[in-house]
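Numbering (my numbering), first residue to last: 259 to 902.
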């Protein structure tokens, strides 16, 4: 049994407390890291010179992680043409992360906003509230972004239970060179556990604050005939906060600004895969219902009905085979469906009325890729994709009178081809380059290149210079809006310089500088979608430690600045400063761990829409900090993991 819910996560702090206590927190983190370094140095003296004599745990501490999503073939993170973070299952368990949003909130360069309905992911200063359509989210390489909003949900509506995650590859920068649409700011590839890692049944349950329950049952196995299976089902139910105060509605007629019993969250998901000799069938489905207490969209305050229902599913057939000394082949055929429903409660002198909106999307597609290694030093690859969004429906109507206000239907076909190469110029210098052609619906064709020069001046040092472009086509929601105006696809030109340094065998650092030139970004302003231009620039500093004594640390700081080129104002929900610190310490070696993580997000601009439909600047949100503490145990009792 595993308790991953715990009542101790997400304690918001006011900005004054963060300012007063920040130096103390940094001191404690630094002290803990220093202690870890001392312990590591002692351990290093005892380590054998022959790596074959090391334990598996020690080898994992020293070896660099591998990544697939950056180039669509496996390579070390230092050789990949991107700034990359890899989060593994052990780290997820140690810090008690329960959603992908919580995981990403602790990663450099990202910030997460939550409106009591969805979690919105900001990357390098840009978060326009677009259901995360500028980040491409994958499960085992399968695209999760839907064909309605191009959104990828990362909260309790994510299609996979986090307990099934083996690792997450977070690949920053323009990624359209391999992935086409939506890989605007980066690609996040979630890789699942395999049946052979379980080799039997696994059950988990949890209870937390706000009457929250969670349960999961999983079975996985690799059979002697080579067949490997994994099946899992999960359920989550939370009553949410019973009382939420909103000063904007503080009148006697609106319960003095208090929303009661309108924050429930319930979801159920299933996942399954069957593999045999390079052929894999994989399916996932989730249904999530979430009440919303905020009275968004000019709905009635403290009234039931503002509730969203999200259903997302896919089934895919994947084939991978390496023809030795000839070519590596991968192919994928898939079908996806996405359903969305929302209610809009209104109150008038005639009573309460409820408007309903329903959206349905269906699509299928196919992918084919060939990789060829040349002279053991170079890699070339070509690939092609086709996708048919054969159903995109949106219906808005009055639930009682059945009067229809919006009835929109579209379909769209898209295809893309790409070529890339990774060439070793000499022993410490290689160049990665590629280009992709995409034709997306009725929009003009687009070409998106990427070039990266990767240089290792001395052992343990890596310097990367990267140039790339990416695009995001307008989605169905933007194109089907009643007040539709001509909007163009978004484009980004990205420049990045990265320096990575191995300080010791257990400690690595990185410094990244980036400049993103964004043209025709799409935002909802004063009742319609419109294009605007903006720039973003910044620096990311990161330090990661993994010592043989079991201590794990991550510390990062991001300084970023965004600007609307016309108004010269900072973008909405764009913090200038992000600080992330996490430390995990073994209290009992390999059995009991204490994990502490801290995030600070500086102040941000806000917007609001007046009752006449005009978008105006709101009061700036103040900076805040969050501290989480988790105790995690494994095998204190045989085959039992627990966390709180």
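Here a beta-carbon is modelled for each residue, glycine too, at the ideal position from N, C-alpha and C.
Legend entry - Cβ neighbour criterion (16 or more within 10 Å) applied to residue 385: buried
Inset, instruction - Please determine, among 339, 805, 747 and 786, the residue with the shortest C-alpha to C-alpha distance to residue 763. - result: 805
Inset, instruction - Output the distance between the C-alpha atoms of residue 979 and residue 444, rounded to the nearest integer angstrom. - result: Lying before the first or after the last residue shown, residue 979 is absent from the chain, which here runs from 259 to 902.
Inset, instruction - Can you have a look at residue 511 and say buried or exposed, based on whether 16 or more other CB atoms are within 10 angstroms of its CB? - result: exposed
Inset, instruction - State the DSSP-derived secondary structure class of residue 355, mapped to helix, strand or coil. - result: coil
Inset, instruction - Would you check if the region 698-716 and the region 445-454 touch, i.e. whether three or more CB-CB distances between them fall below 8 Å? - result: no
Legend entry - Under 9 Å between C-beta atoms of residue 695 and residue 676: yes
Legend entry - In DSSP terms, what residue 844 is bridged to: 851
Inset, instruction - Classify residue 519 as helix, strand or coil using the three-state DSSP reduction. - result: coil
Legend entry - Sufficient close CB pairs (3 or more, under 8 Å) joining the region 403-413 to the region 603-621: yes
Legend entry - Element boundaries [alpha helix (DSSP H), containing residue 735]: 734-737
Inset, instruction - Throw me the rounded Cβ distance for the residue 876 and residue 894 pair, which I believe falls under 8 Å. - result: About 49 Å separates the two Cβ atoms, so there is no contact after all.
Inset, instruction - May I have the straight-line CA-CA distance separating residue 897 from residue 758, to the nearest angstrom? - result: 38 Å
Legend entry - Proximal residues to residue 505 (C-beta, below 8 Å), its chain only, five neighbours per side dropped: 515
Legend entry - Cβ neighbours of residue 520 in the same chain (closer than 6 Å, five flanking residues each side left out): 549 and 551
Inset, instruction - Select from 768, 333, 365 and 708 the residue whose C-alpha is nearest the C-alpha of residue 753. - result: 708
Legend entry - Nearest to residue 704 (by Cα), restricted to the options 796, 688 and 749: 749
Inset, instruction - May I ask which residues mark the beginning and end of the alpha helix (DSSP H) holding residue 488? - result: Per DSSP, residue 488 belongs to no alpha helix (DSSP H); it is in the beta strand (DSSP E), 486-496.
Legend entry - Distance, residue 472 Cα to residue 508 Cα: 35 Å
Inset, instruction - Express the C-alpha separation of residue 547 and residue 910 in angstroms, rounding to a whole number. - result: It is not possible to answer for residue 910, since the shown part of the chain is limited to 259 through 902.
Inset, instruction - Going by CA-CA distance only, name the one from 848, 813, 844 and 846 that's closest to residue 837. - result: 813
Inset, instruction - Identify which residue in 645, 641, 663 and 607 has its Cα closest to the Cα of residue 613. - result: 663
Inset, instruction - Look at the alpha carbon of residue 643 and the alpha carbon of residue 698, and state the distance between them as a whole number of angstroms. - result: 11 Å
Legend entry - Contact between the region 685-694 and the region 408-423 (3+ Cβ pairs under 8 Å): no
Legend entry - Beta-carbon proximity list for residue 625, same chain, < 6 Å, skipping 5 on both sides: 590 and 643
Inset, instruction - Ignoring anything shorter than 4 residues or poking outside the region 682-761, list the alpha helix (DSSP H) runs there in chain order. - result: 734-737
Inset, instruction - Identify whether residue 778 lies in helix, strand or coil by the three-state DSSP scheme. - result: strand
Inset, instruction - Report, in whole angstroms, the separation of the C-beta atoms of residue 457 and residue 478, which I expect to be a contact under 8 Å. - result: 7 Å
Inset, instruction - Could you name each continuous beta strand (DSSP E) segment of 3 residues or more that falls completely within the region 803-839, going from the start of the chain to the end? - result: 810-822
Inset, instruction - Using 10 angstroms around the beta-carbon of residue 435, count the other beta-carbons present and answer buried if the total reaches 16, otherwise exposed. - result: buried
Legend entry - Euclidean distance between Cα positions of residue 670 and residue 892: 49 Å
Inset, instruction - Using three-state DSSP, classify residue 624 as helix, strand or coil. - result: strand
Legend entry - Cα-Cα separation, residue 787 to residue 374: 24 Å
Inset, instruction - Look at residue 769 and residue 800 and say whether their C-beta atoms are less than 9 Å apart. - result: yes
Legend entry - Of the listed residues 672, 630, 433 and 789, nearest to residue 702 (C-alpha basis): 672
Legend entry - Contiguous alpha helix (DSSP H) assignments of at least 4 residues, all confined to the region 415-468: 434-437 and 453-456
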